[in-house]
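Single-structure report; data block below.
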Amino acid sequence: MSKVIVCRCEDVTLHDLEHAVAAGYADLEEVKRYTGFGTGPCQGKECLAVVGRELARLTGRAPAAIAPFTSRPPLAPTPLRLLARDPSAHRFADEDADPPPPPRPDGGR
């Protein structure tokens with residue numbers, strides 16, 4: 008068995024995808040929930056195309072027929088220092104923190 012990584016953030020391998028398809032999972036949302044790909048720091052930005060292509064190959068479908076998985080907030084990574092702040096602090100964000108990204112025109116879809 009080779010260790011071909013398809014999701015570096017969550018260490019998901021091609022073998023994991025093959026196992027998911029053999030278990031009956033055939034779309035990206037199901038495979039994401041089964042393997043954990045796309046749930047790491049990149050939220051699928053690095054691996055979605057690769058996993059989609061391999062899922063199309065493994066299921067015999069056209070790549071265009073593979074629908075993307077549902078993306079869930081945060082759309083931009085949240086710095087750990089903001090999540091770990093002292094609750095008694097008088098501000099919600101550090102003055103030097105990056106501002107949140109502007110809303111996407113397509114509503115995040």
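Residues 8 to 116 in this note's numbering are what the sequence shown spells out, letter by letter. Yeah, the Cβ is synthetic: ideal placement off N, Cα and C, and Gly gets one too. These numbers were taken from a predicted model, which means no experiment stands behind them.
- Between residue 35 and residue 67, the gap from beta carbon to beta carbon reaches 9 Å or more.
- Our two residues, residue 92 and residue 30, have alpha carbons roughly 42 Å apart in a direct line.
- Separation of the CB atoms of residue 43 and residue 28 is rounded to 15 Å, and the pair is thereby denied contact status at 8 Å.
- A straight line joining the alpha-carbon of residue 84 with that of residue 15 spans about 16 Å.
- In the three-state reduction of the DSSP assignment, residue 85 falls in the coil class, being assigned neither a helical nor a strand state.
- Taking C-beta atoms as the reference points, residue 24 and residue 61 count as a pair closer than 9 Å.
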